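One structure is given here, and the rest of the page talks about it.
Number of protein chains: 2
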Amino acid sequence: MIASNQRKESVRVAAARPTIYDVAQRARVSPATVSKVLRGVTTVSPANAERVNEAVQELSYRRDALAANLRRNRRAIVGLIVPDFRNPFFGALVAEIERLAEEQGFRLVAVSSSESAEKEAAQIEALLDWRVGGLIVIPATGQLASAARLRQEAMPLVILDRVPDRIPFDGVGVDNAEACAAMVRHFHDLGHRRLLVAASLPRLPNMAERLRGVAEAAEALAQPMDIETLFCGAGLDSASRTMARRFAEAPLPTAVFTLYIQGTLAVLRAIGAHDLAIPGEISIAGFDDFEWMQVMHPPVATVIQPVAKLARAAWEQLHLRIDHPLEPLVRRRLSCRVEFRGSIAAPRPAHR
Amino acid sequence: MIASNQRKESVRVAAARPTIYDVAQRARVSPATVSKVLRGVTTVSPANAERVNEAVQELSYRRDALAANLRRNRRAIVGLIVPDFRNPFFGALVAEIERLAEEQGFRLVAVSSSESAEKEAAQIEALLDWRVGGLIVIPATGQLASAARLRQEAMPLVILDRVPDRIPFDGVGVDNAEACAAMVRHFHDLGHRRLLVAASLPRLPNMAERLRGVAEAAEALAQPMDIETLFCGAGLDSASRTMARRFAEAPLPTAVFTLYIQGTLAVLRAIGAHDLAIPGEISIAGFDDFEWMQVMHPPVATVIQPVAKLARAAWEQLHLRIDHPLEPLVRRRLSCRVEFRGSIAAPRPAHR
DNA sequence: AATCGCCTGTAAACCGATTTATTTGACTTC
DNA sequence: GAAGTCAAATAAATCGGTTTACAGGCGATT
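In order, the protein sequences belong to chains A and B.
Under numbering that gives the first Met the number 0, the residue at position 24 of the first sequence is numbered 23, and the numbers go up by one with no gaps.
Under numbering that gives the first Met the number 0, the residue at position 58 of the second sequence is numbered 57, and the numbers go up by one with no gaps.
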């Protein structure tokens, strides 16, 4: 009946998984018909479809997800490259995108670049080897070194969070400039005139945007404000060192706005070391909302990125791009919520 | 020359990736020889190996990782199931295991169970569909519902972190009881006589062990100690509610030992709400080391799990199990470092 | 009744590698 | 010089599905 590819039942061990050939045999149809039923192709008689479904049940057959995609040159896998799994902001993105991808029958393979461009390139190569159907990348640097390679492979790709200005891929991020501007205006309106802004690295697009937002807001303020920008590096160690050095000098700012999590941790450490009162002697605000910020005493004001919406926007854009490779590029910017908490207050008159 | 499986060059588009057939043709050898060279099999003449490597270079050929594993029924993929990507403790485990697996030529597919046994079972089924070569699971509950299914598939599996007592799989975790006992003794020796211990759910094996460590230490103390155990649930919301309820009642403990991160956050929130001084009015200690704990003022004492060592132990055990399915089961317990920080002090005399 | 088109169903090719079984050829040995 | 040995090379089968191309059956149209 079934000539080629036929299994020799004699050598099958009990534990081996059934294949479509087993299902076909049991349902007394051809493997091609089984395949059709499994893929939901309608050109199958109801009677046959029924028998196939029964056989699937009885054998508790499950399709080999990889073999099923072998013949097309793109698999139902999407890759996600994050800079660091230990950052809960990225963790939340991973969790959310995984959920969404799964709903559409895609498997998410999340890998990390460890904030290194070389590792990122290697991960991209590895994912290309797995013939992923698409990629979501939070670039380690502003430039995405493998851009040319990815275009050559015509790989559907969405850049998330750190979206460079000119790059021929879809991008999803937040309105960094707007959020930071709002925070600066708030400091100004409370009477702060000396603000320290801590960024990680100027080459990260989102950092650049946040700094731009700070600068633009500063120019439009009613009263002039002295804004000092400090680049503290990506890691907590370097951020702590840089911040400690700054806090050893006078004059101290009346407020600090840290544009990334390690900066926020570093400034808290420095403030602790100098035994300054928050917000009495110094006000602080951070970026991204972590649970511990709300249990601090006082709670730390921050810019809250809409994580779930970011994840959804990135996934939907990728899904669209996979189905329609030739549509024009899309840039999406979601807006943040700026939450003013107890860590911000008017500066003491003495400090004015 | 090559009869079956031969590509028709005419229909090849430029962007398509080269296959071993392309490499074979260019190197003027058979695809089987190319395969041998790629896998490092030595029964190839140096001259041929050289030509194959050249051809690989010239075509910039990369092997299809999935197709390469198609013929064996286990792929060079290992799955990792974590309860929650947003917890940096799990995030660090993911990052570390990914790195180790990659070194050995395995791809890690990390997925989350969202702390739900049903989701966990579904994820396990999905990973089985991908014919993963092995699994590392941090179970959502104490029981690992799919245990029978996994044994039936003879799936190499290592249980990590939350290791049940009797389960027929390898297990890697920390010495929870010992670490907790040390912390309890420390509280005792400082003079604390009323300790609140906050756990998430009694059914989690690691929680049970931690509680057992607390109880055993308590019995062996020189002076009797009043130990109150509070189950606060897994999420931050439920933990906060339960903790707030407890703090509304007298008498308050002189010290709190929280056995999981959400508990620590919850107790910090409750202490903030009641405006208690740490460690003046109440001492606290937590479990797991997060960066923010050290920048708190005072820094939060905690039990530090050796994350990197845990990851390495789990990976090495899995790798071993993949190669030797029949070796006897292994249980590994790594010891924690108990770090006494500024959040612990002797209780005020009035509270004694 | 013959022709046409449509709908089902299936054999066989295919995806890109690995693996088995066989062939080839160089080199010994008698 | 024939037979035997061994290593290297390769044709073909294989993994588990999808897809193509075609065959057969049926009803509608002429």
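Yeah, the Cβ is synthetic: ideal placement off N, Cα and C, and Gly gets one too.
Quick caveat, the model's predicted, so the values are computed rather than measured.
Close CB contacts of His273(B) within its chain, under the 6 Å cut and outside five residues either way in sequence, are with Phe246 (chain order).
Contact between Leu159(A) and Leu149(A) fails: their C-beta atoms lie close to 14 Å from each other, not under 8 Å. Taking Glu248(B) as reference, the option from Ala238(B), Gln261(B), Ala269(B) with the minimal CA-CA separation is Ala269(B).
Taken in chain order, the unbroken stretches of alpha helix (DSSP H) that lie wholly in the stretch 214-294 of chain B and span 4 residues or more are 235-246, 260-272, 290-294. For Ala153(B), the three-state secondary structure derived from DSSP is coil. Met154(B) is the residue among Ser115(B), Glu102(B), Met154(B) whose C-alpha sits nearest the C-alpha of Leu126(B).
Under the 10 Å beta carbon count, His323(A) is surrounded by fewer than 16 other beta carbons and is classified as exposed.
Residue nearest to Thr253(B) within the set Ser239(B), Arg211(B), Ile226(B) is Ile226(B) (criterion: CA-CA distance).
Contact annotation: in the stretch 265-277 of chain B, residues whose CB is within less than 7 Å of a CB in chain A are Leu267, Arg268, Gly271. Residue environment for Gln56(A): exposed (fewer than 16 other C-beta atoms within 10 angstroms of its C-beta). Around Pro138(B), no beta-carbon contact reaches into chain A at under 7 Å, the shortest distance being about 18 Å. Between the stretch 182-192 of chain B and the stretch 163-170 of chain B, the count of Cβ pairs shorter than 8 Å is below three; the stretches do not touch. In this structure, Arg209(B) and Ala176(B) form a Cβ contact; the two beta carbons are roughly 7 Å apart against a cut-off of 8 Å. Sequence-distant Cβ neighbours of Thr241(A) in its own chain, meaning closer than 6 Å and more than five residues away, are Cys231.
Judged by DSSP in its simplified three-state form, Ile343(B) adopts coil rather than helix or strand.
C-alpha of Gln103(B) to C-alpha of Phe84(A): approximately 20 Å in a straight line. One alpha carbon belongs to Ala198(B), the other to Met206(B), and they sit about 6 Å apart. If you check the CB distance, Asp287(B) and Ile260(B) come in under 8 Å. Contact check for Arg130(A) and Leu65(B): beta-carbon distance about 7 Å, within the 8 Å limit, so the pair qualifies. Restricting attention to alpha helix (DSSP H) runs no shorter than 4 residues, the stretch 106-192 of chain A encloses them at 116-128, 146-151, 175-189, ordered along the chain. According to DSSP, residue pairing for Glu49(B) in a beta bridge does not occur. In the structure shown, the three-state DSSP call for Leu195(B) is strand. Bridge pairing for Val302(A): Phe286(A), Val337(A) [DSSP]. Only residues of its own chain outside the window of five on either side were considered, and among them Arg74, Ala75 have a CB closer than 7 Å to the CB of Asn68(A), listed in chain order. With contacts defined as CB atoms closer than 8 Å, Leu92(A) and Leu333(A) fail to qualify as a contacting pair.
Remark: C-beta atoms of Val306(B) and Gly285(B) do not approach each other more closely than 8 Å. Under a criterion of Cβ atoms nearer than 8 Å, no residue of chain B is adjacent to Phe246(A); the nearest Cβ is some 13 Å distant. Beta-bridge analysis with DSSP links Arg27(A) to no other residue.
Taking a beta-carbon distance threshold of 8 Å, Ser199(A) does not count as an interface residue toward chain B. Residues Arg332, Leu333, Ser334, Cys335 of the same chain have their beta carbon placed closer than 8 Å to that of Asp174(A), with the five preceding and five following residues left out of the count. In this structure, the alpha-carbon of Arg330(B) lies about 14 Å from that of Val136(B). When CB distances to chain A are screened at a threshold of 7 Å, the residues of the stretch 232-259 of chain B falling below it are Leu235, in chain order.
The beta carbon of Ala216(B) sits closer than 6 Å to the beta carbons of Ala180, Val183, Arg184 from its chain, once the five residues preceding and following it are set aside; these are given in chain order.
In the DSSP assignment, Val329(B) falls outside any alpha helix (DSSP H), carrying neither H nor E. Under the three-state reduction of DSSP, Leu79(A) is assigned to strand. For Ser282(A), the nearest beta carbon of chain B is not closer than 8 Å to its own beta carbon.
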